[in-house]
Amino acid sequence: MSNTNEFTGEGAPRWIDEHQAAMREKLDRHVAHSQERFDAALDKTSEVIGKAGSFVKKHAPEGIGDRVQDLTDRAQAALNTDGDSDR
Numbered sequence: 017m018s019n020t021n022e023f024t025g026e027g028a029p030r031w032i033d034e035h036q037a038a039m040r041e042k043l044d045r046h047v048a049h050s051q052e053r054f055d056a057a058l059d060k061t062s063e064v065i066g067k068a069g070s071f072v073k074k075h076a077p078e079g080i081g082d083r084v085q086d087l088t089d090r091a092q093a094a095l096n097t098d099g100d101s102d103r
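Residues in the sequence shown are numbered consecutively from 17, following the numbering used here.
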């Protein structure tokens, strides 16, 4: 990416290039950190769903507990998408 001065046609001052590089690096770090936090939130959500499902299965009548366990498994599978290209 070339920065040229619109008046002289010469390259942009070095400080502009340095600032752009610094901002690009800062944005990259922010995006990486955001992805880590998002992944941690998904993991915690899956864990909480599993615990809630186990509690209901243990304390509810068998038919209801089995249905809740099935829904719990499906919800956790939907959250655990490590192989998806979106993540």
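No residue lacks a Cβ here, since even glycine has one placed at the ideal position from N, Cα and C. This structure is a prediction, so every number in the text was calculated from the model and none was measured.
With 16 other Cβ atoms within 10 Å as the buried cut-off, status of residue i
{"i": "residue 88", "result": "buried"}
Of the residues the options, the one placed nearest residue i, counting alpha carbons only
{"i": "residue 66", "options": "37, 78, 96, 55", "result": "96"}
{"i": "residue 93", "options": "32, 59, 33", "result": "59"}
Contacts around residue i, its chain only, beta-carbon distance under 7 Å, and the 5 residues preceding and following it disregarded
{"i": "residue 91", "result": "65"}
Chain-order list of residues whose beta-carbon lies under 6 Å from that of residue i (same chain, five-residue window excluded)
{"i": "residue 49", "result": "none"}
{"i": "residue 47", "result": "none"}
(request) Spell out a yes or no on whether the segment 36–51 and the segment 64–76 are touching, meaning 3 or more CB-CB pairs, one atom from each, closer than 8 Å. (result) no
(message) For a minimum of 4 consecutive residues, which ranges assigned as the alpha helix (DSSP H) are wholly contained in the segment 43–76?
(response) None, since the segment 43–76 contains no complete alpha helix (DSSP H) of that length.
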